[in-house]
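Okay, so here's the structure we're looking at.
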Amino acid sequence: MIAAHRNEGIFTPPDTRGTILSPGYIGGVDWGGIVFDEQRQRVIAAVNHLPMVVTLIPPESLERDARSGDFPRSEFARQAGTPYAMRREALLSPWGLPCTAPPWGSLVSVDLRRNRIVWQVPLGSTESIGPWFAPTREFGTPNMGGPIATAGDLVLVAAAMDSYFRAFDIETGRELWKYHLPAGGQSTPMTYRAGRNQRQFVVICAGGHGGLGTPHGDYVIAFALPAFPSPGS
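Residue numbers (our numbering): 199 to 431.
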């Protein structure tokens with residue numbers, strides 16, 4: 199499968215044989231944004247490790263191929279001003295999992311002072327996305343959505359394909375908590391304080407993502423610690 203395609207490095211041009219792009223068009227770090235921890239001078243980002251295949255096709259075959267059902271995981275596009283159209287898809291095995299070794303998605307902390315990775319952990323599991331016979335593993339999944347950080351030294355992120363919202367220790371990358379959302383959490387959470395007690399809330403939208411195939415929905419979900427009485431009340 200891999201040998202049939204073309205790849206001579208990161209700048210290999212698209213080809214009629216199919217060109218392997220690594221990283222693929224969802225990144226690296228493309229779709230989620232980053233956290234900048236000013237105190238520690240670190241950047242924390244959700245990263246994808248998912249190669250793609252881009253194939254140049256005759257423009258007259260675009261509509262036929264798109265409707266044929268022969269390419270259920272592919273996207274098609276015209277290439278204005280060129281004699282080609284384009285087909286692209288993730289480089290997947292017959293079981294629907296990436297051909298490359300995991301992790302397929304990571305949460306990564308980078309020290310800007312020392313120009314080095316402090317920690318990196320898989321982001322997401324194969325729960326509900328792998329073939330029925332495969333056990334669930336914390337292999338990391340492709341992700342779309344960014345992290346946020348709090349003054350309490352937490353990194354909060356959903357983004358992965360298993361629909362979990364997670365909290366990590368900003369110092370070590372250790373997972374501290376997770377919550378299964380009712381739909382895919384391909385969004386960036388937010389946090390704010392409100393009310394007389396200035397109680398802190400964390401809110402995320404869970405709507406799913408067609409391209410990643412996560413469950414669709416229409417949810418806004420808020421989390422908060424228990425409220426404490428305000429001084430003098």
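For every residue, glycine included, the Cβ atom is placed at its ideal position computed from N, Cα and C. From a predicted model like this one, the values you see are computed outputs, not experimental measurements.
In summary, Asn-246 is buried, with 16 or more beta-carbon neighbours lying within 10 Å of its beta-carbon over all protein chains present.
In the DSSP assignment, Asp-213 falls outside any alpha helix (DSSP H) and carries neither an H nor an E. As DSSP reads the structure, Ala-299 sits in no beta bridge. In this structure, the alpha-carbon of Gln-398 lies about 24 Å from that of Ser-307. The segment 316-324 and the segment 333-348 touch, with no fewer than 3 CB-CB distances between them shorter than 8 Å. Its chain contains Asp-309, Leu-310, Arg-311 as the residues whose beta carbon lies nearer than 8 Å to that of Gln-239, once the 5 sequence neighbours on both sides are disregarded; these appear in chain order. For the pair of segments examined, the segment 372-390 was found to touch the segment 346-364: the number of CB pairs separated by less than 8 Å reaches three. For Asp-263, the uninterrupted alpha helix (DSSP H) segment begins and ends at 260-266. A distance of 8 Å or more separates the beta carbons of Val-400 and Phe-366. Between the alpha carbons of Tyr-390 and Gln-237 lies a distance of about 19 Å.
The closest CA to that of Gly-411, considering only Phe-274, Pro-256, Pro-270, Asn-313, is found on Pro-270. In the structure shown, Pro-387 falls within a coil segment according to DSSP collapsed to helix, strand and coil. In the DSSP assignment, Asp-228 is bridged to no other residue.
The beta carbons of Gly-393 and Gly-406 sit no closer together than 8 Å.
Setting aside the 5 residues that flank it on each side, Tyr-362 is surrounded in the same chain by Lys-376, His-378, each with a C-beta closer than 6 Å to its C-beta; the list follows chain order. Just so you know, the alpha carbons of Ile-327 and Gly-294 end up roughly 9 Å apart. When the Cα atoms are used, Gly-343 and Arg-276 turn out to be separated by approximately 27 Å.
A straight-line Cα-Cα distance of about 30 Å links Pro-249 and Leu-352.
Listed in chain order, the non-local C-beta contacts of Gly-231 below 7 Å within the same chain comprise Gly-344, Thr-386, local neighbours out to five positions each way being set aside.
Taking Glu-373 as reference, the option from Tyr-417, Leu-305, Cys-297, Thr-324 with the minimal CA-CA separation is Leu-305. The C-alpha of Ser-266 is placed about 15 Å away from the C-alpha of Ile-255. Setting aside the 5 residues that flank it on each side, Val-251 is surrounded in the same chain by His-203, Gly-216, Thr-217, Ile-218, Leu-219, Arg-286, Glu-287, Ala-288, Leu-289, each with a C-beta closer than 8 Å to its C-beta; the list follows chain order.
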